[in-house]
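Chains as they are written, first to last, in my numbering: chain A, 103 to 316; chain B, 103 to 316. This report concerns only the one structure given below.
2 protein chains.
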Amino acid sequence: MDKDKIDKKDHILDVAERVFSDLGFDGASTRMISGEAGVNMAMLNYYFGSKEGLFLAVFERKISSFQTLLQNIGNEGISSWDKLEKCIDNYVDRIIVNNCFQKLINREMSISKHTDLTDKITKILMINVLEFKKIFDEGVKSGSFHKDIDTQLLTATIFGTKNYIINAPHISSLMLGHDIRDEKFLEEKLKPRIKKYMKRLLKAYLMNDNDNTN
Amino acid sequence: MDKDKIDKKDHILDVAERVFSDLGFDGASTRMISGEAGVNMAMLNYYFGSKEGLFLAVFERKISSFQTLLQNIGNEGISSWDKLEKCIDNYVDRIIVNNCFQKLINREMSISKHTDLTDKITKILMINVLEFKKIFDEGVKSGSFHKDIDTQLLTATIFGTKNYIINAPHISSLMLGHDIRDEKFLEEKLKPRIKKYMKRLLKAYLMNDNDNTN
DNA sequence: CAAAATTAATCAAACGATTGATTGAGTTTG
DNA sequence: CAAACTCAATCAATCGTTTGATTAATTTTG
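Structural data, given as structure tokens:
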């Protein structure tokens, strides 16, 4: 049946996404993926052609759902700071849900070589990055934010902080005293904590009176 | 000769570091490393015991010099803020020089599987993380920094911001308008800019009067 | 409608290649 | 000469992939 076929392919992709992001492309074996998915090894090649084909399939499935979420907020008729708060809430909510895919993206983006894959990913990630930057620049223009802020490095802080927490689980877990892959902890404790922290950090940098001369 | 032996080991480590950071631990093969280093494959095991031993040797060679550096700063008799500034200067200087090594660390740490390797790396990295955190906590205790700051997430911001700039070269380059792997740009422009930005960000969050209730 | 032909899905088994590691014989060195 | 070093050859294990047989569902045919 068509439906069953799609469901099974989807199930394989779910498992592959997790295993790839846990162990990396080279670290994950087709035997392990097929084993955990409960399908015969040959099915992977039957459906996806090759290990690389499977990897690409994982990417392309997720990538479509990624676009056009922050953009709506940017166009609302509220203050720059309110937009920023909304974007942070939205972004933190979203990345926590997809955190294993985020790891996958990050690993792939750390490769220096310029390929079709990195090109695609870059383009998609830039949408989010530029949306934050737009709000920063707009706030500077309207006088809500300080004039001499570094909006480019500030985006690096937002995305970098998130990546570090998600992407270095061993260190994060040690620092925070919990396994950050524990979903309950993630949802109930970490998520609101990250939101609160990021808002305060941004507010202090963007809006408070401070001596910025040096 | 003792000198020759050390030089040869060092040469192998140089090559291994580059290959590992290009391809990851799993992606790099011992044959490739020994081939590029111009030594027999058995030499790797002879000198370093195993592939993992080689990887650890690469790691420990670089990390040992850095770890003692932050600690010295932490013990100086200066204000918490001055320590922080010194640490940032030092840290930024160092990571820019070793950015290919940083990529290596990042890639390996994003692997979830808990092995002896990740365990060792985690332990070593935690030394730096905890050194920053110690200064934060000390500053809070002495009253120089705000009481209700999130020192744990703040370390994530420091290391995460750095990682993002170094480790996502495609995005960083697009944002900054230069190829961040251009050494001259890195040294003359980016380095001082990151230092200035990080200090201002930290100062605003840690020391400025602000409404932190929410 | 029933028999035959076709197709897609699944499986165990095996493929050649490559992996990290080891061996034992040979060479260099102090 | 003994110890340290170097090497080609080889090890078992694992890798991604392919194969040929089998099953079940679908379509075509008489």
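From the three backbone atoms N, C-alpha and C, an ideal C-beta is built for every residue, glycine too.
Measuring only the C-alpha atoms, how far is residue i from residue j?
i, j, result
"M309(B)", "V194(B)", "22 angstroms"
"K222(A)", "N208(A)", "13 angstroms"
"G262(A)", "Y266(B)", "5 angstroms"
"M103(A)", "M134(A)", "Bear in mind that the predicted position of M103(A) carries a pLDDT of just 36, short of 50, making it unreliable; the figure below should be weighed with that in mind. Roughly 26 angstroms between the two C-alpha positions."
"I273(B)", "T224(A)", "6 angstroms"
"E119(A)", "A118(B)", "29 angstroms"
"V199(B)", "V141(A)", "47 angstroms"
"T257(A)", "T132(A)", "37 angstroms"
"M136(B)", "M143(B)", "For the sequence presented, residue 136(B) should be read as Ser rather than Met. So the alpha carbons of these two residues sit roughly 5 angstroms apart."
"K301(B)", "I190(B)", "8 angstroms"
"E138(A)", "A130(A)", "12 angstroms"
"D252(A)", "F234(B)", "23 angstroms"
"Y307(B)", "K249(B)", "11 angstroms"
"N314(A)", "W183(A)", "Per-residue confidence for N314(A) stands at a pLDDT of 45, beneath the threshold of 50, marking its modelled position as unreliable; no derived number is given."
"I229(A)", "L158(A)", "21 angstroms"
Quick test of your reading: residue i and residue j, contact by CB under 8 angstroms. State the CB separation rounded to the nearest angstrom.
i, j, result
"Q254(B)", "M277(A)", "5 angstroms"
"Y149(B)", "K111(B)", "6 angstroms"
"I114(A)", "L146(A)", "7 angstroms"
"S212(A)", "A270(B)", "7 angstroms"
"I175(B)", "K188(B)", "5 angstroms"
"D237(A)", "K305(A)", "According to the sequence as given, residue 237(A) is Ile; it is not Asp. Going by Cβ atoms, the distance from I237(A) to K305(A) rounds to 13 angstroms, so no, they are not a contact pair."
For residue i, go through chain B and note every residue whose CB falls closer than 8 angstroms to its CB, in chain order.
i, result
"S181(A)", "Near S181(A) there are no residues of chain B at all, since even the closest Cβ is about 16 angstroms away, more than 8 angstroms."
How would you list, in chain order, the residues of chain B whose beta-carbon sits under 7 angstroms from the beta-carbon of residue i?
i, result
"G126(A)", "G126, D128, I213"
"H272(A)", "M211, T220, T224"
"N269(A)", "S212"
At a CB-CB cut-off below 7 angstroms, which residues of chain A make contact with residue i?
i, result
"F261(B)", "Y266"
"Y299(B)", "D252, L255"
What three-state label does DSSP hand residue i in the structure shown?
i, result
"I114(A)", "helix"
"E178(A)", "coil"
"F247(A)", "coil"
"H280(A)", "coil"
"D109(B)", "helix"
"H272(A)", "helix"
"S212(A)", "coil"
"A130(A)", "coil"
"T259(A)", "helix"
"T315(B)", "Model confidence at T315(B) stands at a pLDDT of 43, short of 50, so the residue's coordinates are unreliable and nothing is read from them."
"V360(B)", "Past the edges of chain B, shown from 103 to 316, lies residue 360(B), and the structure says nothing about it."
Just to make sure I have the definition right: I need the residues of chain A whose C-beta is within less than 8 angstroms of the C-beta of residue i. Which are they?
i, result
"Y307(B)", "R302, L303, A306, Y307"
"T320(B)", "Past the boundaries of the shown model lies residue 320(B); chain B is included only from 103 to 316, so the question cannot be answered."
"D191(B)", "Going along chain A, no residue has its Cβ under 8 angstroms from D191(B), so there is no contact; the nearest lies around 13 angstroms."
"I296(B)", "L255"
Compute the minimum distance between the beta carbon of residue i and the heavy atoms of the ligand FMN, and state whether it is under 7 angstroms.
i, result
"S274(B)", "What this structure holds is no ligand at all, so the ligand FMN is not there to describe."
### Query
Taking any Cβ of chain A, which residues in the stretch 204–238 of chain B have a Cβ under 7 angstroms from it, in chain order?
K205, N208, R209, M211, S212, I213, S214, K215, T220, T224, L227, M228, V231
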